[in-house]
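Quick notes on the structure that follows.
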Amino acid sequence: MYNLGARKFVFIGTGPIGCCPAQRHQNKTRECSVEANYLSVQYNKGASSLLQEMSAELSDMSYSYFDTYTALLEYINNPGAYGFAEVKAACCGLGDLNAKIACLPISSYCSNRKDHIFWDLFHPTEATAGMLTSAAFDGSVPYVYPMNIRQLVAM
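Under the numbering used here, the very last position in the sequence shown is 156; numbers go up by exactly one each time.
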């Protein structure tokens, strides 16, 4: 993309994969999978490091890195501060944590999508996605760096 003229890049890191309902469902304690989250952290470290190296080599390159892992884990660890009540179960699905079977027309749905972090086995609800988007566009360190998306666009 750089060779085609792109100079501004937005990179969205992966979230805490081990905390999604599908991973919690496979864990006897229903807590986040330490192993899966470790892989997320390692991937994000590698991506962030690569972006730093590239921007050092390509002086006219600018980027914004959004740390989805840190932001989403903050919501999971402090749900009440962000208006969430349910951090483990999916809003839509079947079985334990609504995570045994994916969301289908016959699935049970939560009564309030706004208080759940996850919509289905893997994906955030609209409320969660909106908060993540706001953090990426207007947030600051530690969630987005070296600048947020709004600052990158304004350059």
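Glycine included, every Cβ here is placed at the ideal spot set by N, Cα and C. Only a predicted model underlies this, so the values are computations on that prediction, with no experimental measurement involved.
query                                                                                                                                          : result
Just to confirm, are R25 and L105 a CB contact at a threshold of 8 Å?                                                                          : no
What residues are listed by DSSP as bridge partners for F119?                                                                                  : A91, P125
Quick one: what's V145 bridged to in DSSP?                                                                                                     : F67
Between G96 and the rest of its own chain, which residues show a CB-CB distance below 7 Å, the 5 nearest in sequence each way excluded?        : I102
Check each candidate in R31, I13, L74, T126 and name the one with the smallest Cα separation from A48.                                         : I13
What residues are listed by DSSP as bridge partners for S109?                                                                                  : G94
Considering only C-alpha positions, which residue in the set V145, V154, A86, R151 is nearest to Y66?                                          : V145
Among T15, I77, N28, M62, which one has its Cα closest to the Cα of N45?                                                                       : T15
Three Cβ pairs or more, each shorter than 8 Å: is that satisfied between the segment 50–69 and the segment 146–155?                            : yes
Excluding five sequence neighbours on each side, which residues of the same chain lie with their C-beta closer than 6 Å to the C-beta of C111? : C92, H117
Kindly indicate which three-state DSSP category F138 falls into: helix, strand or coil?                                                        : helix
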